[in-house]
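Here the structure is laid out as structure tokens; the discussion comes afterwards.
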Amino acid sequence: MHPVSRRTFALGAVALAAAPGAFAQNFPERTVKFVVPYPPGGFNDTLARVSADKLTKMWNQPVVVENKPGANTTLGNSIVAKSPPDGYTILITPLPFSALPGLYGANLPYDALKDFTPLVWAGSTQNALVVRNDLPVKDVKELLELARKTPGKLNYGSTGSGSSNHLSMELFMRMTGVKLAHIPYKGSAPAVTALLGGEIDALFDNVPNVVQHIKAGKMKVLGVSGLQRAPLLPEVPTVAESGVPGYEVNVWFGMQLPAGTPRPVVDRLNHDIVQLLKEPDTVQRFRAQGVEVVASTPEEFRALVNKEVVKWTQLIKDANIRIE
């Protein structure tokens, strides 16, 4: 190679190598978008809107939220998977994301592990196992006894196949050998209403969705799904300590980017989002909704997503769960 050409080539290589860092330093230079694959309302929406408000002030650039519900969240997920990997489109990703590969298989319009770059595990909550007030049980062991005495008689509600409350009950049944009939609803509110009205016998649901009804004495709570007791219900035992050793469902919420997003941009976004998540007002607001802030590294969130995809894909296969 000619000396001048070699020097030009070397300078070009240095410029290219420096470009991602320079890009991240100047990021963002235009509007950033959070895509929420759910309707407005609920914690996924809250996470996006709190983050958008704080980042808008931090960056002096507009950060907007777009709700893209539909197709069991695969619509919104697909939009982000196909977006440019430049950091300007961020997906809100909760636990059900990890169940979709098992539910859809080859029909999933993206690869859950290859088409996204995990950004941050924002926070976690638990599901509470609740039953209608007049069901003659007072704890998990008595529920199991009743289910075994009356096979096929008890039922449970959920917000649809692959939802965290559906998977919580499927795991519960798988680990205990009992069988309850599944009745899906279009959202938590109608499922909770059905339990309050005596239309269904049992329900796993996010602690924030049922805690007010529990404390008002309108439903009975038998256990929570984590390995530790829920801060909003410290007197309630975990399902694991109530007769189902090893039972755990961690209802997590995170954020992801399109695959191929430059690492400096990922690092910049993670740093700023972790900062806003750890602010006292954010921690207090999320805790009031039953969500504990985690604020992880990208690597920690990647490890969680990978583990959860394996866990729920296996359960869905073993239990022969289908889209309803």
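Throughout the sequence shown, residue numbering follows mature numbering (1 follows the signal peptide of the UniProt record, and there is no 0), covering -24 to -1, 1 to 300 in sequence. All C-beta atoms in this analysis are idealised placements derived from N, C-alpha and C, irrespective of residue type, glycine included. Given the structure is predicted, the values throughout are model-derived calculations rather than measurements.
Item checked: Separation of Gly46 from Ala235, as counted between CA atoms -> 22 Å
Checklist line | Gly199 versus Gly128, Ala279, Thr273, Ala104, residue with shortest Cα-Cα distance | finding: Ala104
Item checked: Separation of Tyr86 from Pro70, as counted between CA atoms -> Each residue's Cα considered, the two are about 16 Å apart.
Next item on the list: Just the C-alpha distance for residue 301 and Asp110, rounded to the nearest angstrom, thanks.
Entry: The structure shown has nothing for residue 301, since the chain only spans -24 to 300.
Check: Going by Cα to Cα distance, which pick from Gly193, Tyr132, Lys155 is closest to Ser164?
Finding: Tyr132
Notebook entry, point to check: When DSSP labels each residue in this structure, what does Phe180 get in the three-state scheme?
Noted result: It is a strand residue.
Item checked: Start and end residues, alpha helix (DSSP H) containing Phe10 -> First-last for Phe10: 8 to 12, but that is the beta strand (DSSP E), not the alpha helix (DSSP H).
Notebook entry, point to check: How many angstroms separate the CA atom of Gly136 from the CA atom of Ala206?
Noted result: So the two alpha carbons sit approximately 24 Å from each other.
Note to self: DSSP has Phe229 in a bridge; who is on the other side?
What the structure shows: Pro70, Gly99
Next item on the list: In the DSSP assignment, find the unbroken alpha helix (DSSP H) run with Leu198 in it and report its ends.
Entry: Unbroken run through Leu198 is the beta strand (DSSP E), 195 to 200; no alpha helix (DSSP H).
Check: If you draw a straight line from the alpha carbon of Asn53 to that of Leu147, how long is it in whole angstroms?
Finding: 25 Å
Next item on the list: Please classify Thr152: does DSSP put it in a helix, a strand, or coil?
Entry: helix
Next item on the list: Mind checking which residues open and close the alpha helix (DSSP H) that includes Gly133?
Entry: That residue, Gly133, is in no alpha helix (DSSP H); its beta strand (DSSP E) goes 131 to 134.
Notebook entry, point to check: Is it right to say Lys155 is buried, meaning 16 or more other beta carbons lie within 10 angstroms of its own, or is it exposed?
Noted result: exposed
Margin query: Comparing C-alpha positions only, which one of Gly173, Ser201, Ser272, Val270 sits nearest to His189?
Written below: For His189, the nearest C-alpha among the options comes from Gly173.
Check: If you draw a straight line from the C-alpha of Val187 to the C-alpha of Ala75, how long is it?
Finding: 26 Å
Checklist line | Cβ neighbour criterion (16 or more within 10 Å) applied to Asp29 | finding: So Asp29 ends up on the exposed side.
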